[in-house]
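S.K.: Residue numbers (the numbering used here), protein chains in the order written: chain G, 1 to 1001; chain L, 10001 to 10094.
1) What's the call for residue 819(G), buried or exposed, on a 16-neighbour Cβ count within 10 Å?
2) Check whether chain A comes within 8 Å of residue 10089(L), counting only Cβ atoms and requiring the distance to be less than that.
3) Give the straight-line distance between the Cα atoms of residue 813(G) and residue 855(G), rounded to the nearest whole angstrom.
4) Which residues of the region 722 to 749 of chain G have a Cβ closer than 7 Å to any Cβ of chain L? Give them in chain order.
5) Which term fits residue 38(G), buried or exposed, when burial requires 16 or more other beta carbons within 10 angstroms of its beta carbon?
6) Spell out whether any CB of chain L is found under 8 Å from the CB atom of residue 46(G).
7) Do the region 945 to 955 of chain G and the region 887 to 904 of chain G touch if we need at least three Cβ pairs shorter than 8 Å?
8) Ignoring anything shorter than 3 residues, give me the beta strand (DSSP E) runs that lie fully in the region 972 to 1001 of chain G, in order along the chain.
9) Taking DSSP's pairing of strands, which residues face residue 20(G) in a bridge?
10) On the DSSP letters alone, give me the boundaries of the alpha helix (DSSP H) that residue 10042(L) sits inside.
11) From which residue to which residue does the beta strand (DSSP E) around residue 706(G) run?
12) Short check: CB of residue 434(G) to CB of residue 585(G), under 8 Å?
13) Where do the N-terminal and C-terminal ends of the alpha helix (DSSP H) with residue 831(G) fall, by residue?
14) Quick one: Cα of residue 699(G) to Cα of residue 276(G), how far?
15) When the cut-off is 8 Å and only beta carbons count, does residue 10007(L) lie next to chain G?
16) I'd like the span of the alpha helix (DSSP H) that includes residue 852(G), first residue to last.
17) Is the Cβ-Cβ distance between residue 724(G) and residue 676(G) less than 8 Å?
18) Tell me the DSSP secondary structure of residue 606(G) in three-state form.
19) Could you check if residue 30(G) belongs to the surroundings of the ligand MG, using beta carbon to heavy atom distance under 7 Å?
20) Quick one: which residues of the region 235 to 256 of chain G get their C-beta closer than 9 Å to a C-beta of chain L? List them in chain order.
21) Is the beta carbon of residue 540(G) closer than 8 Å to that of residue 849(G)?
22) Got a sec: is the Cβ-Cβ distance from residue 611(G) to anything in chain L below 8 Å?
23) Considering only the alpha carbon of each residue, which of 846(G), 4(G), 107(G), 877(G) lies closest to residue 386(G)?
24) Can you tell me where the alpha helix (DSSP H) with residue 741(G) in it begins and where it stops?
25) By the three-class DSSP mapping on this structure, what secondary structure does residue 909(G) have?
26) Would the beta-carbon of residue 156(G) fall within 8 Å of that of residue 78(G)?
27) Taking beta-carbon pairs under 7 Å, can you tell me which members of the region 749 to 762 of chain G lie near chain L?
28) Taking any Cβ of chain G, which residues in the region 10023 to 10034 of chain L have a Cβ under 7 Å from it, in chain order?
29) Compare the beta carbon distance of residue 395(G) and residue 370(G) with 8 Å and say whether it is the shorter of the two.
30) Keeping to the same chain, check which residues put their C-beta closer than 8 Å to that of residue 10028(L); ignore five residues upstream and five downstream.
31) Tell me which residues share the same chain as residue 10063(L) and place their Cβ nearer than 6 Å to its Cβ, disregarding the 5 neighbours each side in the sequence.
32) So the alpha helix (DSSP H) residue 10054(L) belongs to, where does it begin and stop?
33) Quick one: residues in its chain with C-beta nearer than 6 Å to the C-beta of residue 195(G), no 5 flanking neighbours on either side, listed in chain order?
34) Could you give the DSSP three-state label for residue 727(G): helix, strand or coil?
35) Buried or exposed, going by whether 16 or more other CB atoms sit within 10 Å of the CB of residue 512(G)?
36) Could you say which of 233(G), 206(G), 601(G), 711(G) lies nearest to residue 184(G) if we only look at CA atoms?
What follows is the structure, given as structure tokens:
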């Protein structure tokens, strides 16, 4: 039989449109408009999953986003999602869901034995048991993780698209219930830009489920009129199925919109979810409240749910969750649900914790044949997979204990209502302060910090009549405060059959004596935290709320304690006999509800994760099979393999080509900064360690930059192009950092210096040709006189290369005769191809960064960031030659005489040659004083660069070694990860052409 | 996430800016003449006030200008932004 719990009429589901879905492998039929939870209840499925710790049978507690129990695994394959609240899932054709945390099935679950072993699983069990020995934790953890946990993460790549949207508005209203709608109307009528966010598929909130009247007419029709007017306002944007997740400084909100989650087919044009980043001049919080559970023994069985949830299933979905119903309440308002259930054919018994009952309610109960047990409490429930019987007993208020006979009631559904908790999560995230309201026994907003209003039940105001006019006026006032015109106030008269009054919620809390052994009074349903656990935490000294929370894990589930927090705090207050205000509350943090990581990432995945920078010759490199390496955001050729060469073979060929004939490197990625102004030379003198005043026009000079701590942070060649004009180069990875560094000093320290810095990295393509044949090669292609006399080393000339206006720098990073040809970026590939064509007779060989590294290491040229690490001075690098003794001041100079930088046992830059002439030391290897079988060993330094040198025929390495300059020729040992111990000899850092003749040719 | 009033561009989102720590720490004019202690103070010592703090910020994804921000570290309210070279605002006792 299908839909056996569906009422004959009523509800807003479309009974003409049946929807097929599968739960735990079994097919069911629901209707359009159902949630997964309502459709399951309609089909008399109450057992939805097993609990986190004790594997207890759990059903559906609520009908909204606060649901702690009915969480399921939704969807299959790459789209499967764990921990989804069945109460929020809109039913769609073909939906597949299954229970979590059970094996082999939800009906027969092996883990349920934890329930019977529960006396050995109290709060803090894992902390106490698996603490010793410390080394065993990883072993324990493996099994604990397996036993606990909720659903399964998908293992395949997420096939869906997620979008982000930045949005700016005057007023954002969170919550589309009656308060939010009226505030939106008040603000919307004034013409200001309003964003209204609601997490449900339908606006109206609470009023969709309860009967009420406005001006003595049917309230539902009035509600529709309000919504229609809002839909017609062009300045009001309404987002449904959208949950506000985070509330940050300066009214910055994030919200997750479910765009196609509920669609049958996944869309190729629409994203699955959209993540909104909202800036709002004003925020109005109107999120409403959550109904609070009551705490009694075995209050977690399927079939026990919140009264408001029962109301919603009945009135919105036409589902009667039980036929023999008990309402357990401490307030008047829940009686509305009792009446509704009777009207739809259920037999209802009320257990009320209070002595006195409003006469009107009493009479109506009598007329509807509802038995009311006054001053009674439910003390225990029975039923394996669904509640079937409860025990009740009278409460002696004076003694705070139970008294009299225990009575039995047979039932198939218990509705409970312990009052309401305003949804203060976002308010708290915005640093709003809370206070405990003794009239309604919960935390309510007290002090607002942001430019914000909080209205309706979210503000602890539950009376319909008062909410109507206050909310509308709050919207008007908000617009007014933003200087929008006032609109006319309206007076509505709203009525519910039972008015909510602040005096009728009883502070009902279980006495200490009533926590009986063998049954569990659940506080936090999702994390299986019982009243006994809270007692235990207090006995063991975890008295602060934050400690109790972490020790018992109450409020730490995926529901973040939306139903449990206030009860836990009230119980603590009861135990310590202190007001709840003095107990305090834990901190609320974003996100408000679970959210997908995909939405946070948005489009910043795969290719769009980080920009890729490519030189103008990039496509040529791709066509010629370059292997690429990432240098910052740049794609640089790493090497150019030919005929199945591996990296070693390719690099060897490339190195020898440069040393013997001609190589070409795409050096366009080097940072390039154009410096102009009358104080440029003065500025360079402060920025670099060496002197710049006497550099002639047309000359180049290598420079080292230090920070104020005296540590090297970048290097490069700077050339003087004109009287007040310099061209600075930086490392590829350091370009942006250097630019910021220059700007920092120009803008904050030396405001009077007239210097302008412009990044020209991307304006120039740089072709670096290197090798003994480079002059011969280039001379046919340029009108620049390349003779040794007129264009010597470290000079710069302008002219034409391949008919393109070019700047040619005679500088060298390989130690060979080299020219760095700079042409406007758009000519990069053209000139490169001309070079390749013309260079055939010299066997011109394109080379990549690896060959560049080997060649410079053979010459002992440093790479900042590889051989240095931000903690070395020029002196440590044996580069005193580039530090001016004459200049009075430059950045870093004063720090060269700090006690720490003059220590003579600092690590120094040296060369290493392995004695076996074979082993290539892994970069990062440690040089130790004495090699032992296992660490710790006393370390003397580490290898910074290490390669096989094709030119020399053996490996070379560069290293930082303690007091290295005085250890020339000495032996050191380097233990490797594989256990081998390598012996090496300390040398200087220049392995090839020590006199530097070749680049001066 | 602040909204910062760049003195050159106007109000912009915090994501466009970078904070560079305490402001109004002038580089000594005569580094070679001062003691290690004085130089160490310039390099390493910073205030960490509960209350009004003066900070240097840059509008990186904007005009790339450096400027100063007067911010309350308790409430995170930005009290004032002002250009480099302008005098340090006086903290009122209200």
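By construction, the Cβ of each residue, glycine as well, lies at the ideal position given by its N, Cα and C atoms. Here the structure is a predicted model, which means the values were calculated and not measured.
M.R.: Considering the structure as presented:
1) Counting of Cβ neighbours within 10 angstroms places residue 819(G) among the buried residues, the total reaching 16 or more.
2) Among the protein chains of the structure shown, namely G and L, there is no chain A.
3) Using only the alpha carbons, I get a separation of about 8 Å.
4) Residues of the region 722 to 749 of chain G with a C-beta atom less than 7 Å from some C-beta of chain L are 743, 744, 747, 748, 749, listed in chain order.
5) Looking at its Cβ environment, which holds 16 or more other Cβ atoms inside 10 Å, residue 38(G) is buried.
6) At a cut-off of 8 Å between beta-carbon atoms, residue 46(G) makes no contact with chain L.
7) The answer is no - the region 887 to 904 of chain G does not touch the region 945 to 955 of chain G, with fewer than three Cβ pairs under 8 Å.
8) Whole beta strand (DSSP E) segments, 3+ residues: 981 to 987.
9) Here residue 20(G) is bridged, per DSSP, to 29(G).
10) First-last of the alpha helix (DSSP H) with residue 10042(L): 10036 to 10044.
11) Boundaries of the beta strand (DSSP E) around residue 706(G): 700 to 706.
12) In terms of Cβ geometry, residue 434(G) and residue 585(G) form a close pair [threshold 8 Å].
13) Start and end: 828 to 838.
14) One C-alpha to the other measures close to 55 Å.
15) Using a Cβ-Cβ cut-off of 8 Å, residue 10007(L) does not count as an interface residue toward chain G, since no Cβ of chain G sits closer than that to its own.
16) Its alpha helix (DSSP H) spans residues 849 to 858.
17) In this structure, residue 724(G) sits near residue 676(G), with a CB-CB distance shorter than 8 Å.
18) Helix.
19) As far as ligands go, the structure on display features none, and thus does not contain the ligand MG.
20) Along the region 235 to 256 of chain G, going in chain order, the ones with a CB nearer than 9 Å to a CB of chain L are 248, 249, 250, 251, 252.
21) No, the pair does not count as a contact, with Cβ atoms beyond the cut-off.
22) No, its Cβ sits nowhere closer than 8 Å to a Cβ of chain L.
23) Shortest Cα-Cα distance from residue 386(G) to any of 846(G), 4(G), 107(G), 877(G) involves 107(G).
24) Annotation: the continuous alpha helix (DSSP H) that includes residue 741(G) extends over 735 to 748.
25) Three-state DSSP puts residue 909(G) in a strand.
26) Going by C-beta atoms, residue 156(G) is nearer than 8 Å to residue 78(G).
27) Against chain L - using a Cβ distance shorter than 7 Å - the residues of the region 749 to 762 of chain G are 749, 751.
28) Here the close residues are 10027, 10031, 10032.
29) In this structure, residue 395(G) sits away from residue 370(G), with a CB-CB distance that is not shorter than 8 Å.
30) Once the five neighbours on either side are set aside, the close Cβ partners of residue 10028(L) are 10034, 10038, 10039, 10042.
31) Taking residue 10063(L) as the centre and dropping the five residues before and after it, the same chain places the C-beta of 10008, 10009 closer than 6 Å to its C-beta, in chain order.
32) Counting along the chain, residue 10054(L) falls outside any alpha helix (DSSP H), though it belongs to the beta strand (DSSP E) covering 10052 to 10058.
33) Answer for residue 195(G): 169, 172, 237, listed in chain order.
34) Assigned with DSSP and collapsed to three states, residue 727(G) falls in strand.
35) Only weak support exists for where residue 512(G) lies, its pLDDT of 43 falling under 50; the value from the coordinates is given anyway. Note on residue 512(G): under 16 other CB atoms within 10 angstroms of its CB, so exposed under the neighbour-count rule.
36) If we check each option's Cα against that of residue 184(G), 233(G) comes out closest.
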